[in-house]
Amino acid sequence: MNNFSGNHIPSFLVSLQNLEYLNLSYSSFEGKVPQGLGNLSNLQYLNLDWNSLTADDINFVSGLSSLKHLGLSGVDLGKAKNWLHSINMLPSLIELHLMDCSLPSIPLFPNINLTSLAVLNLGNNNFNSTIPRWLFNISNIRDLNLGNNDLQGCLTPEMGNLSLLISANLFSNYLECEIPATLGKLCNIRELYLSFNQFSGDVSGVIHSLSAGCAKHSVQLLDLRDNELSGMIPAALGNLLHLESLRIGPSDVRGPIPATIGRLLYLKALDLRYNKLNGSIPESLWGLSKLEVLDLSGNLLDGTVSEHHLLKLTSLTYLYMSDNLLAFDVTSSWIPPPQLRRIGLSSCKVGPRFPGWLQSLWNISVLEMSNASISDTVPDWFDTISSNFFLLDLSYNQIQKSLPKIRKSSTATRRIIYLHSNMFEGPLIPFPPDVAELDISNNLLLGNIPPEIGNLMTEVEIFSLSNNYLNGAIPNSFCNMRQLRALLLSQNQFSGRLPQCWRKLQKLEVLDFSGNLLSGHIPPSLGSPRQLQSLHLENNSFGGQIPISLRNLGFLETLDLSQNNFSGTIPPWIGEELSNLKALSLHSNKFHGNIPEQLCYLSDLSILNLANNNLTGNIPSCFINFTAMITDERSFEEKEDYPIFQSFSYSDSTYGVYVEKLWADINGIQLQYTRTLRFLISIDLSGNHLVGEIPRELTCLTGLRNLNLSRNNLTGEIPLDIGNLTLLASLDLSRNRLSGPIPTSITNLNYLSYLNLSFNRLTGRIPVGKHLQTLEDRSIYIGNGGLCGPPLSSCLEGFPDGHGHPEQRTKDNAEMLWFCGGFGAGFTAGFIGVCGTLYLKASWRNRCFRLVQKCYDMFV
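Shown next as structure tokens:
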């Protein structure tokens, strides 16, 4: 391997007429491939793999009639439309390597002259087409790589004609249908990579076809991961006696693991993760002494695994049994294989004692024992094996006492440690500087954060201390964590003012300080981290106005400043500058003035909560511009999750994912939404001093799940089209001055589980509808003296239904006002005499109180 540091291929090479072998691979050449290479008619081997070269066409190769090996992998051939025509003129070609060349297509030639071709590598080209039939006519092919090409359609039975095929790589395409049974005719096949496709059908069909044909004598690797296979693994699996690697899943494969698996004495890797396998693990499996990788995670396997089962698995390096119904009952005296480096036992019963057998694993790099029923302390010896941890997950247990001491690693550079959701107590201790993700949330930690912590953990990217009992000030040294992407300190007892140094954290994406005792103003520097997507300062004692510097946070998707003492008007720049906002929550502050119409620029907004402020004026009709709230039931399947980032993925388990959260007043109670937040579309303007009518435009926001306009001074009628909001689950219009009938369209709200129209001036019959009748609580309608019908009292015969002529309703209201006015004039004179009677006569008392309530409704 050479390094020519971006130079072009030297021109003198094209004059070496007798040259037979030219290998310039991995040499850091740049520029165009010299077309003069086509003059080297004696060339038999040409390898230009993995440089930074380009070529508009490869016509030059058509003159290399003696060429047996052509390697152009990594050369940009995006403009070479006739590439196959040029290659087809090389009858002596044995090996062709065109991997990752951005080839525009794979032509469907009727005839192919590559009769000598034994190795064909066309991987990573994204052809986006079907597999051409001419491929199956290259009878000498031994090694075929079509992986990662977006190939579509079915794998045809002609695949079985490639009788000399040794390795077939078709992974990461969109191939579908059933895997053809003719693969059993591939008598020389050793490796079958069919993973990451959409193959369907019964997995038993694949295994039966291989075990019944001559392939059973040769196949060593069968990779069927990430397809849509179903059925059961048949006993015929035991006929594939030379199998060394078997990978099936995640799929819908069910039933037990067949006992015949014990016949696969050469098996080194068994990966059956995330299927629906059940029953106990067969005893015969524990006799596979050559096993290096055993992954049975994510199934329904039950029973107990003891050291007796593990005695013969002396070659194990990976052991994954997470997310089953297993008990891992291994005594502390068991000595695991010294090369065992990765262990996954999450959601298995490992505890209650902390496993002592771990102390002999000096090379362990991954330990996943989340939700493993451990209720012990971390032993003192644990720090002696901690230096090699790349991933340590002990979350969701009941581990007690002090946090474990973790040593700095001599090998790992980006370490991940999850200790959250335990019972760790005592002070927070700094962790090594090579820790990139640290989650110690949901524990019992006390005291101050060490002031120097940011100087000691400079490489941390995700740091969560939420839901502890930490107090004191937030250290300024946090600003020295220059790699920080998420800082989560919510639900503690931190006090004082925020640091002023946030401009140092330019990679910050999530900041959550909610649920503390913080006070003062938001520092202007908090508007400096331009990548910030989620900002939570709710439930503190912050005051003053929202600083104008926050307008710089153009990527912000969630802004929650609720339950503080912010004052002034809502800044118009929120709508003008924060165009990516999906959720805006400013409730329970001291904002006053009108709702700025600039908020209507937020077309991606799904959640707007301005409740419990001192806002005045009308509800802007331009809310119709909240296009993210205009959706239908099917669209919820397509809605993306809220933030925000996914930093790390390992062993099909995703780590480092921040789950966004917001509180909303739904069904009359406060609920916190996390993983279901993407399904919430909500407007809450309750508890203000808003006036005017409810804009009809709100009824166009057909995706709304929650609409709360209660406790305002709204007038006029409920919009006739309220029934357009067919996904509405909670509707609260109570304690306003709404009048007129309840629109009959309200019966269209078939998802409605909470309705409150109380204490308005509504009149007429309550509409009758199949779903509406399930809401039988009288309190929904109380305080509306002009309403009748179930669940209130029955309407009198001839009683207007509230949908009649408006002049008649006006006349009725006038008569009631006259009557109530007369009643009020004589009230004082008759008070003493009437009170005695009412005290003694319950039926009179009830009628009188209903009359007073009706009069109150007419005047208020």
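FYI, the UniProt record's numbering numbers position 708 of the sequence shown as 708, with every residue one higher than the one before it.
No residue lacks a Cβ here, since even glycine has one placed at the ideal position from N, Cα and C.
Leaving out five residues on either side along the sequence, give the residues of the same chain with a beta carbon under 8 Å from the beta carbon of residue i.
{"i": "Gln563", "result": "Glu538, Asn539, Asn540, His587, Ser588 and Asn589"}
{"i": "Pro338", "result": "Ser360, Leu361, Trp362 and Asn363"}
{"i": "residue 898", "result": "In the structure as shown, the chain begins at 1 and stops at 860. Residue 898 is therefore absent and cannot be evaluated."}
{"i": "Leu701", "result": "Phe623, Ile624, Phe626, Met629, Ile630, Ile681, Ile683 and Leu725"}
Give the secondary structure of residue i by DSSP, where H, G and I count as helix, E and B as strand, and everything else as coil.
{"i": "Ala235", "result": "helix"}
{"i": "Tyr771", "result": "The displayed chain sequence assigns His, not Tyr, to residue 771. Looking at His771 - three-state DSSP - the assignment turns out to be coil, as it is neither helix nor strand."}
{"i": "Ile58", "result": "coil"}
{"i": "Ile522", "result": "coil"}
{"i": "Val435", "result": "strand"}
{"i": "Leu720", "result": "helix"}
{"i": "Thr304", "result": "strand"}
{"i": "Asp380", "result": "helix"}
{"i": "Ala327", "result": "strand"}
{"i": "Gln493", "result": "strand"}
{"i": "Val691", "result": "strand"}
{"i": "Ser567", "result": "strand"}
Mind checking if residue i is an interface residue toward chain E, Cβ cutoff 8 Å exclusive?
{"i": "Asn42", "result": "Note that chain E does not occur in the displayed structure, where there is just one protein chain."}
Determine the extent of the beta strand (DSSP E) in which residue i is found, giving its start and end residues.
{"i": "Val510", "result": "Val510 to Asp512"}
{"i": "Trp663", "result": "Leu662 to Ile666"}
{"i": "Ile619", "result": "No beta strand (DSSP E) holds Ile619; DSSP gives it neither H nor E."}
{"i": "His592", "result": "Lys590 to Asn594"}
{"i": "Leu367", "result": "Val366 to Glu368"}
{"i": "His342", "result": "Checking the displayed sequence, the identity of residue 342 turns out to be Arg instead of His. Its beta strand (DSSP E) spans residues Arg342 to Gly344."}
{"i": "Glu95", "result": "Glu95 to His97"}
{"i": "Glu178", "result": "Unbroken run through Glu178: none, as it is neither H nor E."}
{"i": "Asp604", "result": "From DSSP, Asp604 is part of no beta strand (DSSP E); its letter is neither H nor E."}
{"i": "Cys788", "result": "Gly786 to Cys788"}
{"i": "Arg247", "result": "Ser245 to Ile248"}
Residue i lies in the alpha helix (DSSP H); which residues open and close that run?
{"i": "Gly575", "result": "Trp573 to Glu577"}
{"i": "Ser209", "result": "Val203 to Ala212"}
{"i": "Leu584", "result": "Careful: Leu584 lies outside any alpha helix (DSSP H), inside the beta strand (DSSP E) at Ala583 to Ser585."}
{"i": "Ser86", "result": "Trp83 to Ile87"}
{"i": "Leu456", "result": "Ile453 to Leu456"}
Residue i to residue j, Cα distance in whole Å?
{"i": "Lys81", "j": "Gly36", "result": "20 Å"}
{"i": "Asn275", "j": "Leu13", "result": "56 Å"}
{"i": "Gly255", "j": "Ile248", "result": "13 Å"}
{"i": "Ser251", "j": "Gly298", "result": "11 Å"}
{"i": "Asp439", "j": "Asp223", "result": "35 Å"}
{"i": "Ala583", "j": "Gly543", "result": "21 Å"}
{"i": "Ile94", "j": "His309", "result": "49 Å"}
{"i": "Asn455", "j": "Asp323", "result": "38 Å"}
{"i": "residue 880", "j": "Val293", "result": "As displayed, the chain neither begins before 1 nor continues past 860, which places residue 880 out of reach and without an answer."}
{"i": "Gln533", "j": "Ser745", "result": "39 Å"}
{"i": "Asn736", "j": "Leu498", "result": "40 Å"}
{"i": "Ser525", "j": "Leu446", "result": "29 Å"}
{"i": "Trp663", "j": "Leu578", "result": "21 Å"}
{"i": "Leu221", "j": "Glu191", "result": "5 Å"}
{"i": "Gly769", "j": "Leu550", "result": "48 Å"}
{"i": "Val305", "j": "Pro258", "result": "17 Å"}
{"i": "Asn18", "j": "Asn59", "result": "20 Å"}
{"i": "Gly575", "j": "Leu602", "result": "6 Å"}
Between the beta-carbon of residue i and the beta-carbon of residue j, is there less than 8 Å?
{"i": "Ser567", "j": "Gln545", "result": "yes"}
{"i": "Trp50", "j": "Ser86", "result": "no"}
{"i": "Leu144", "j": "Leu175", "result": "no"}
{"i": "Arg765", "j": "Gly786", "result": "no"}
{"i": "Leu556", "j": "Leu581", "result": "yes"}
{"i": "Gln500", "j": "Pro529", "result": "no"}
{"i": "Pro282", "j": "Gly262", "result": "yes"}
Here's a check: name, in chain order, each residue in its chain whose Cβ is nearer than 6 Å to the Cβ of residue i, leaving out the five neighbours to either side.
{"i": "Lys401", "result": "Thr377"}
{"i": "Asn169", "result": "Asn145, Gly147 and Tyr193"}
{"i": "Phe4", "result": "Ser27, Ser28 and Phe29"}
{"i": "Asp512", "result": "Leu488, Ser490 and His536"}
{"i": "Phe382", "result": "Pro404"}
{"i": "Asn471", "result": "Gln493"}
{"i": "Ala829", "result": "Because Ala829 carries a pLDDT of 34, less than 50, the predicted location of this residue cannot be relied on, and the following value inherits that uncertainty. Contacts found: none."}
Go through its chain and collect everything with a Cβ distance to residue i's Cβ below 7 Å, but skip five positions before and after it.
{"i": "Pro620", "result": "Ile595, Glu597 and Cys600"}
{"i": "Met159", "result": "Phe136, Pro180, Thr182 and Leu183"}
{"i": "Val219", "result": "Ile189, Arg190, Leu192, Leu210, Leu240, His242 and Leu243"}
Does the ligand MG have a heavy atom nearer than 7 Å to the CB of residue i?
{"i": "Leu316", "result": "With respect to small molecules bound, the structure shown includes none, and the ligand MG cannot be examined in it."}
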